[in-house]
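Engineer: The opening position of the sequence shown corresponds to residue 1 in the numbering used here, with each subsequent residue numbered one higher. Just so you know, even glycine gets a beta-carbon here, dropped at the ideal spot from N, CA and C. What you are looking at is a predicted structure, and each value in this text was computed from that prediction instead of being measured.
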Amino acid sequence: MAEVDLGGVKALAVTRHEALRAVLADRTGTFVRGGAQQHWRAVREGEVDPDSALAQLVGGSIGSLLTANGAEHTRLRKPMQTHFTRRRVEALRPRVEELADDLLADMDGADPVDVKDAYAWPLTVGVLVGLLGVEAEDAPVLGDIARRVFELSDPGVYAEANAFLRELVAKRRAAPGDDLVSALAAADDAAEEADRLGDAQIAANLVLLVIAGFETTMGTLANGVRGLLAHPDQLARVTGGEVEWTAAIEEILRRYTSVSLLPAVFSTCDTEVAGVPVPEGEMLLLAYGAAALDPGAWQDPGAFDVGRDARGHLAFGHGPHLCLGAPLARLELAVALPRLFERFPALALDAEREAAGAASPVESWMMHHPKQLWVRPRGVAAGPHARP
Numbered sequence: 001m002a003e004v005d006l007g008g009v010k011a012l013a014v015t016r017h018e019a020l021r022a023v024l025a026d027r028t029g030t031f032v033r034g035g036a037q038q039h040w041r042a043v044r045e046g047e048v049d050p051d052s053a054l055a056q057l058v059g060g061s062i063g064s065l066l067t068a069n070g071a072e073h074t075r076l077r078k079p080m081q082t083h084f085t086r087r088r089v090e091a092l093r094p095r096v097e098e099l100a101d102d103l104l105a106d107m108d109g110a111d112p113v114d115v116k117d118a119y120a121w122p123l124t125v126g127v128l129v130g131l132l133g134v135e136a137e138d139a140p141v142l143g144d145i146a147r148r149v150f151e152l153s154d155p156g157v158y159a160e161a162n163a164f165l166r167e168l169v170a171k172r173r174a175a176p177g178d179d180l181v182s183a184l185a186a187a188d189d190a191a192e193e194a195d196r197l198g199d200a201q202i203a204a205n206l207v208l209l210v211i212a213g214f215e216t217t218m219g220t221l222a223n224g225v226r227g228l229l230a231h232p233d234q235l236a237r238v239t240g241g242e243v244e245w246t247a248a249i250e251e252i253l254r255r256y257t258s259v260s261l262l263p264a265v266f267s268t269c270d271t272e273v274a275g276v277p278v279p280e281g282e283m284l285l286l287a288y289g290a291a292a293l294d295p296g297a298w299q300d301p302g303a304f305d306v307g308r309d310a311r312g313h314l315a316f317g318h319g320p321h322l323c324l325g326a327p328l329a330r331l332e333l334a335v336a337l338p339r340l341f342e343r344f345p346a347l348a349l350d351a352e353r354e355a356a357g358a359a360s361p362v363e364s365w366m367m368h369h370p371k372q373l374w375v376r377p378r379g380v381a382a383g384p385h386a387r388p
């Protein structure tokens with residue numbers, strides 16, 4: 001456990017792998033999500049503004065299954081679990097492959113190129129656009145929503161996001177297509193009255209999907225590219241066939257997860273975590289990045305070893321709130337990474353821009369990935385490469 005200061009707001013972060021796993025798996029009601037005005041002592045006692053971006057995020061302003069608990073969480077999650085299936089994800093493979101190939105073709109001849117801007121961003125948002133049936137011209141809106149949520153700088157983003165996606169749900173009810181939103185709307189129409197979510201709740205769950213399904217995968221893809229280029233010995237093990245890409249991707253998810261800290265759960269009674277007393281009403285941050293470096297869970301955890309058995313990592317969470325988008329994220333990484341290195345086998349980091357700080361992290365305590373990732377597709381002369 002570690003105390004964290006979020007711009008004057010104090011919180012405890014669960015930093016150990018097993019402790020985090022236990023908190024995430026809790027079904028006893030000791031740790032709950034949402035309801036900040038009820039469950040967070042600092043809000044109850046006026047220490048934290050209930051209208052702040054942080055309080056709105058952890059308090060349930062998204063209105064999705066993210067901040068629901070118990071039976072209500074199960075009710076809200078069921079339609080997504082039923083229709084956002086592995087089969088639907090696998091059906092997206094041709095689109096992911098086509099998007100990747102088109103973006104790589106656009107990169108051909110560019111030197112240098114920001115691979116995050118030219119590849120990771122348009123690939124992940126393009127997949128999301130296809131999954132949801134969003135018009136192509138509205139794709140930037142999705143990316144902007146996710147960015148503003150993770151920056152915690154704009155409390156108005158939640159209402160804006162819900163309005164955008166509620167309008168999309170209404171459009172798909174009126175004119176359904178072969179997309180997830182249409183499937184959710186049709187299922188809602190056919191559901192028993194007690195199980196219906198309505199446009200507002202479906203939209204809220206879709207906001208969560210946009211937030212969790214875009215920024216996180218984009219960041220992990222960028223981190224993975226940088227990690228492999230900074231460790232050419234590990235890259236050679238994968239491209240040379242010694243290690244399967246599926247194994248390497250799990251190690252990327254463990255070592256270079258784009259999620260540093262996520263808010264939050266609240267303690268509903270006096271308890272303890274990892275031997276540390278936790279009073280009732282405490283906000284606990286979920287420190288995924290720290291848990292990935294826990295020496296109690298991983299041998300030499302700071303090392304990037306593509307041959308490691310990284311199964312059991314917590315990059316997608318654990319327990320009742322296990323990320324529904326995990327299969328899609330794995331699919332995107334499994335397509336994007338091999339294709340990138342097959343197309344550009346001499347790909348190298350732009351050492352000059354790295355040294356100038358272009359790869360400094362984005363301004364978010366929740367996320368960890370570089371602002372930019374400049375590479376030279378045709379390679380460069382030998383030079384120092386900063387290790388992440």
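Since residue 365 sits in a beta bridge, which residues does DSSP pair it with?
Structural biologist: Counted from its first residue, the sequence shown places residue 365 at position 365. Bridge partners of residue 365: none, in fact.
Engineer: Buried or exposed: residue 235, going by 16 or more other Cβ atoms within 10 Å of its Cβ?
Structural biologist: Stepping through the sequence shown from its first residue, residue 235 is reached at position 235. Per the 10 Å Cβ criterion, buried.
Engineer: With distances taken Cα to Cα, identify the nearest neighbour of residue 216 among 160, 379, 288, 74.
Structural biologist: Here residue 216 refers to the residue found at position 216 of the sequence shown. Checked all of 160, 379, 288, 74; the closest Cα to residue 216 is 288.
Engineer: Residue 283 and residue 40: beta carbons closer than 8 Å?
Structural biologist: Taking the sequence shown and counting its residues from 1, the one referred to as residue 283 is at position 283. Taking the sequence shown and counting its residues from 1, the one referred to as residue 40 is at position 40. In contact: residue 283 and residue 40 (Cβ atoms closer than 8 Å).
Engineer: Distance, Cα to Cα, residue 18 vs residue 297?
Structural biologist: Along the sequence shown, one-based indexing puts residue 18 at 18. Along the sequence shown, one-based indexing puts residue 297 at 297. Taking the straight line joining both Cα atoms gives about 8 Å.
Engineer: So, does the region 226-245 touch the region 202-211, judging by three or more C-beta pairs under 8 Å?
Structural biologist: no
Engineer: Check for me: the beta strand (DSSP E) holding residue 374 runs from which residue to which?
Structural biologist: On the sequence shown, position 374 is the one that residue 374 refers to. 374-376 is the span of the beta strand (DSSP E), which, as asked, contains residue 374.
Engineer: Once DSSP output is grouped into helix, strand and coil, what is the label at residue 1?
Structural biologist: Mapped onto the sequence shown, residue 1 falls at position 1. Coil, per DSSP.
Engineer: Might you give, ordered along the chain, the residues of its own chain that have their beta carbon closer than 8 Å to the beta carbon of residue 336, omitting 5 neighbours on each side?
Structural biologist: The count along the sequence shown starts at 1 and reaches residue 336 at position 336. Excluding positions up to five away in sequence, the list reads 96, 100, 119, 120, 123, 221.
Engineer: Between the C-alpha atoms of residue 5 and residue 11, what's the straight-line distance to the nearest angstrom?
Structural biologist: Here residue 5 corresponds to residue number 5 of the sequence shown, with the count starting at 1. Here residue 11 corresponds to residue number 11 of the sequence shown, with the count starting at 1. Straight-line Cα distance between these residues: approximately 7 Å.
Engineer: Using the DSSP secondary-structure output, state which residues sit across from residue 94 in a beta bridge.
Structural biologist: Start at 1 with the first residue of the sequence shown, and residue 94 comes out as number 94. Per DSSP, none; premise fails for residue 94.
Engineer: Of the residues 369, 362, 342, 354, which one's Cα is nearest the Cα of residue 113?
Structural biologist: Numbered from 1 along the sequence shown, position 113 holds the residue referred to as residue 113. Checking every option, the nearest Cα to that of residue 113 belongs to 354.
Engineer: If I measure Cβ to Cβ from residue 76 and keep anything under 8 Å in the same chain, skipping five residues before and after, which residues do I get?
Structural biologist: Position 76 of the sequence shown, counted from the first residue, corresponds to residue 76. Closer than 8 Å at the Cβ level, and outside the excluded window around residue 76, lie 64, 65, 68, 197, 201, 205.
Engineer: Classify residue 48 as helix, strand or coil using the three-state DSSP reduction.
Structural biologist: As a first step, residue 48 must be located in the sequence shown, where it is residue number 48. For residue 48, the three-state secondary structure derived from DSSP is coil.
Engineer: Which residue marks the beginning of the beta strand (DSSP E) containing residue 276, and which one marks its end?
Structural biologist: Position 276 of the sequence shown, counted from the start, is the residue given in the question as residue 276. Where residue 276 is concerned, the enclosing beta strand (DSSP E) stretches over 276-278.
Engineer: With respect to the alpha helix (DSSP H) encompassing residue 116, which residues constitute its N-terminal and C-terminal limits?
Structural biologist: Looking up residue 116 in the sequence shown gives position 116. Segment: none, residue 116 is in no alpha helix (DSSP H) and carries neither H nor E.
Engineer: So, do the region 248-255 and the region 266-277 have three or more beta carbon pairs nearer to each other than 8 Å?
Structural biologist: no
Engineer: For the 8 Å Cβ check, are there 3 or more pairs between the region 320-335 and the region 78-95?
Structural biologist: yes
Engineer: With a CB to CB cut of under 6 Å and the five nearest residues on each side skipped, what residues in its chain are close to residue 58?
Structural biologist: As a working mapping, residue 58 is identified with position 58 in the sequence shown. Result list for residue 58: 36, 263, 264, in chain order.
Engineer: Return the Cβ separation of residue 375 and residue 349 in integer angstroms, given the expectation that the two are a contact with Cβ distance under 8 Å.
Structural biologist: Walking along the sequence shown from the start, residue 375 turns up at place 375. Walking along the sequence shown from the start, residue 349 turns up at place 349. Rounded, the Cβ-Cβ distance is 6 Å, consistent with contact.
Engineer: Which runs of the alpha helix (DSSP H), 4 residues or longer, sit entirely within the region 291-317?
Structural biologist: none
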